[in-house]
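Participant:
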Amino acid sequence: MPKRLNEVILAKGEMSDKPESSKTRLEEDIIEPLFQKDFLSQLPEEIAYRIIAYLTPCDLTVCAGVLRTWQRLCEDDRMWRPKCLEKGYVKFDAPRCVSVLSK
1 MPKRLNEVIL AKGEMSDKPE SSKTRLEEDI IEPLFQKDFL SQLPEEIAYR IIAYLTPCDL
61 TVCAGVLRTW QRLCEDDRMW RPKCLEKGYV KFDAPRCVSV LSK
């Protein structure tokens, strides 16, 4: 476990005994900066897809509004196709693009 993360976990356990002002300072100085990083876009794309594949369709739509990087991942066909197939919304694998003008 990274040293910084270990410090956060230890500090979190000690937070309950401290006054409210100390909790706020701890959250501002240590915990909140960890949540301000876009961890998903720092990962290889395939790993990011595997992580967000566990999200429900409702959660995917919410996450798509967070950042453009997340929107691209959450709105990709690789996310939605298996979920639609699982729910029975798609019965066959239709081609992505059909040209009506080709005839």
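In full-length UniProt numbering, the protein residues as written are 1 to 103.
The beta-carbon is built from N, C-alpha and C at its ideal position, and this holds for glycine as well.
Bear in mind the structure is a predicted one, so any value in this text is a computation, not a measurement.
Helix, strand or coil for Glu75? Go by DSSP, reduced to three states.
Facilitator: If DSSP states are grouped into helix, strand and coil, Glu75 belongs with coil.
Participant: Please determine whether the Cβ atom of Trp70 lies at a distance below 8 Å from any heavy atom of the ligand GTP.
Facilitator: The ligand GTP is not part of this structure, which contains no ligands at all.
Participant: Measure the beta-carbon distance from Asp38 to Leu67 and round it to whole angstroms, keeping in mind my assumption that it falls under 8 Å.
Facilitator: 6 Å
Participant: Grab the span of the alpha helix (DSSP H) containing Tyr49 for me, first residue to last.
Facilitator: Unbroken alpha helix (DSSP H) run through Tyr49: Glu45 to Ile52.
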